[in-house]
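Undergrad: Got a structure for you, written out below as structure tokens; questions coming shortly.
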Amino acid sequence: MDAGTVRGWSKQFDEMAGRVGPCFARHDLRSQATGYLRGLLGRVERKNSWQLSEHLGREKPYGIQRLLGRASWDADAVRDALIRYSAEHLVSPGDPGVLIVDETGFLKKGNKSVGVQRQYSGTAGRIENCQIGVFLALATSRGRALVDRALYLPESWCSDASRCREAGVPEDVSFATKPQLAMKMLGRAFEAGLQPEFVLADEVYGNDSKFRRFLENRKQPFVVAVKCGQYLWAGFQQRRVDDIAAEVPADAWIRMSVGDGAKGPRIYDWAAAKYGAPTEKGLIRWLLIRRNIETGELAYYLCAAPKRNRARDLAIAAGRRWAIEVGFETAKQETGLDEYEVRSWEGWHRHITLSMFALAFLTVVRSAAAPRNQTRSKSAPTSSRSRNRKYVAC
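Below you can see the structure in the form of structure tokens.
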């Protein structure tokens with residue numbers, strides 16, 4: 009790698025630090041935050057306060073601990089700067105990208121860390137003692153970044169005022185479901201000027217009718233997964249999506265790739281059909297079905313899209329939801345997303361936000377270093393088109 013490239017990275021870091029700096033009123037806090045970001049981006053085995061301090065040449069971790077704890081600064085202001093930074097560097101004319109909602113777990117011991125309890129963690133694949141964070145990611149052809157976050161506070165915490173006070177939970181924070189947290193984050197992204205091609209989400213959010221209606225009312229296209237028991241109006245009756253899928257004729261399925269994964273092209277069978285009336289804002293409603301070509305397992309998506317979109321566009325969009333999983337993995341491996349030692353509400357949001365900013369910086373640097381002719385691979389059907397008129401060929 010040439011020296012010019014490395015110098016370019018230094019300039020990019022200074023530009024990124026310049027975005028963060030105004031969020032800190034005092035010079036010493038700006039310096040601490042810049043050092044913290046450098047540490048998160050550095051080669052540190054475990055990015056906790058002690059090892060980050062050692063990496064930065066400091067004998068004690070008190071400066072970092074103060075930055076995440078007692079110091080006066082607003083993590084939400086840094087989050088807003090992160091959204092603007094990510095949008096300016098990753099979004100381009102003709103490529104608005106997609107916004108993806110998902111959650112990840114942070115395994116914890118004890119019961120003092122804010123929001124911790126025994127609950128299902130997709131990270132562990134089982135019920136564990138953990139915290140759950142709901143996240144919003146922006147993914148474009150230039151890369152992906154986590155741009156917003158919200159700590160899920162279980163009802164058991166919200167009903168225990170003394171426990172919340174001890175963890176520093178603001179008095180105005182009340183119980184909110186994960187879809188409700190997601191709607192607030194999406195609202196902030198829209199207000200910041202992001203206009204994604206689609207919003208993507210898994211069943212936790214797709215099954216929530218208020219979440220879907222929130223998007224429909226904003227004329228925001230979406231592709232969201234739903235459970236097999238989700239009901240749809242088919243004709244003059246409500247039917248489960250798995251019952252509808254059982255009647256899909258053999259010639260309605262299309263085999264196609266929706267992008268490259270870790271093991272090569274991710275190829276599935278797809279079927280799609282329009283259903284019901286358009287939304288009040290004129291989006292067309294679709295049912296999209298994915299079938300695993302090896303196991304036959306089915307997945308179901310409810311979609312709303314402009315008239316110009318075809319079923320193929322919806323299938324490719326559904327396949328892009330994996331980008332947030334890659335974002336979680338990268339952030340945990342490279343910018344210490346899950347390596348914090350804070351217990352408080354303020355500490356969690358401060359560390360997570362700075363870790364996300366460090367991840368966005370890595371994405372921007374890698375995008376700038378990539379060959380200019382590198383573009384996102386286009387997915388294409390790998391079999392003949394469907395001949396069934398009810399189901400629209402991908």
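Throughout, the working numbering is defined as the position within the sequence shown, counted from one, plus 8. Glycine is no exception: its CB is placed at the ideal position from the N, C-alpha and C atoms. Note that the structure is a prediction, hence the values are computed from the model and not measured.
Does the segment 169-181 come into contact with the segment 104-115, if we say contact requires no fewer than three beta-carbon pairs (one atom in each stretch) closer than 8 Å?
TA: Contact fails: fewer than three Cβ-Cβ distances are below 8 Å.
Undergrad: By Cβ distance, which residues of its chain are closer than 8 Å to N215, with the 5 residues on each side in sequence left out?
TA: As a position in the sequence shown, residue 215 is number 207, starting the count at 1. Once the five neighbours on either side are set aside, the close Cβ partners of N215 are V234, K235, Q238.
Undergrad: Which stretch, first to last residue, makes up the beta strand (DSSP E) that contains E462?
TA: Residue numbering for the chain in the displayed model covers 9 to 402; residue 462 lies beyond these limits and cannot be assessed.
Undergrad: Please say whether A366 and L75 have beta carbons closer to each other than 8 Å?
TA: Here residue 75 refers to the residue found at position 67 of the sequence shown. Here residue 366 refers to the residue found at position 358 of the sequence shown. The answer is no: Cβ separation not under 8 Å.
Undergrad: So what does DSSP say about G141, is it helix, strand or coil?
TA: Counted from its first residue, the sequence shown places residue 141 at position 133. Reduced to three states, the DSSP call for G141 is strand.
Undergrad: Taking all protein chains shown into account, decide if R150 is buried (16 or more other Cβ within 10 angstroms of its Cβ) or exposed.
TA: The count along the sequence shown starts at 1 and reaches residue 150 at position 142. Its Cβ being crowded by 16 or more others within 10 Å, R150 is buried.
Undergrad: Alpha carbon to alpha carbon, what distance is there between Q203 and I140?
TA: Along the sequence shown, read from residue 1 onward, the residue named residue 140 stands at position 132. Along the sequence shown, read from residue 1 onward, the residue named residue 203 stands at position 195. I140 and Q203: Cα-Cα distance of roughly 27 Å.
Undergrad: Do the segment 218-227 and the segment 343-353 meet, that is, are 3 or more Cβ pairs less than 8 Å apart?
TA: No, the segment 218-227 is not in contact with the segment 343-353.
Undergrad: What do you reckon, are the CB atoms on V372 and H35 nearer than 8 Å?
TA: The count along the sequence shown starts at 1 and reaches residue 372 at position 364. The count along the sequence shown starts at 1 and reaches residue 35 at position 27. No, the pair does not count as a contact, with Cβ atoms beyond the cut-off.
Undergrad: Return helix, strand or coil for E111, following the three-state DSSP convention.
TA: Working through the sequence shown from its first residue, we reach residue 111 at position 103. In this structure, E111 counts as strand in the three-state DSSP scheme.
Undergrad: Would you identify the three-state DSSP class for F21, choosing helix, strand or coil?
TA: Counting from 1 along the sequence shown, the entry for residue 21 is found at position 13. Of the three classes helix, strand and coil, the one that applies to F21 here is helix, per DSSP.
Undergrad: Take R46 and list the residues in its own chain whose beta-carbon comes closer than 6 Å to its own, dropping the five residues that flank it on each side.
TA: Within the sequence shown, numbered from 1, the residue matching residue 46 stands at position 38. Once the five neighbours on either side are set aside, R46 has no close Cβ partner at all.
Undergrad: Give me the Cα-Cα distance between S94 and S217, rounded to the nearest whole angstrom.
TA: Indexing the sequence shown from 1 puts residue 94 at position 86. Indexing the sequence shown from 1 puts residue 217 at position 209. Approximately 29 Å, taken between the alpha carbons.
Undergrad: Identify every residue that forms a DSSP beta bridge with F336.
TA: Locating residue 336 in the sequence shown gives position 328, where the first residue counts as 1. DSSP output for F336 lists no bridge partner at all.
Undergrad: Thinking just about the alpha-carbon of each residue, which of F369, W294, A33, R316 is nearest to the one in I252?
TA: Your numbering for residue 252 matches position 244 in the sequence shown. If we check each option's Cα against that of I252, W294 comes out closest.
Undergrad: What alpha helix (DSSP H) runs, 4 residues minimum, are completely inside the segment 238-273?
TA: Here the runs fully enclosed are 249-254.
Undergrad: Using 10 angstroms around the beta-carbon of R152, count the other beta-carbons present and answer buried if the total reaches 16, otherwise exposed.
TA: Numbered from 1 along the sequence shown, position 144 holds the residue referred to as residue 152. It is buried - the Cβ of R152 has at least 16 other Cβ atoms within 10 Å.
Undergrad: Output the residue ranges of the beta strand (DSSP E) runs that lie fully inside the segment 77-108 and measure 3 residues or longer, sorted by chain position.
TA: Listed in chain order, there is nothing to give.
Undergrad: Please classify E67: is it buried, with 16 or more other beta-carbons within 10 angstroms of its beta-carbon, or exposed?
TA: Within the sequence shown, numbered from 1, the residue matching residue 67 stands at position 59. That one is exposed.
Undergrad: Where does A33 fall in DSSP's three states?
TA: What you label residue 33 is simply residue 25 of the sequence shown in a count that begins at 1. Residue state, collapsed to three classes: coil.
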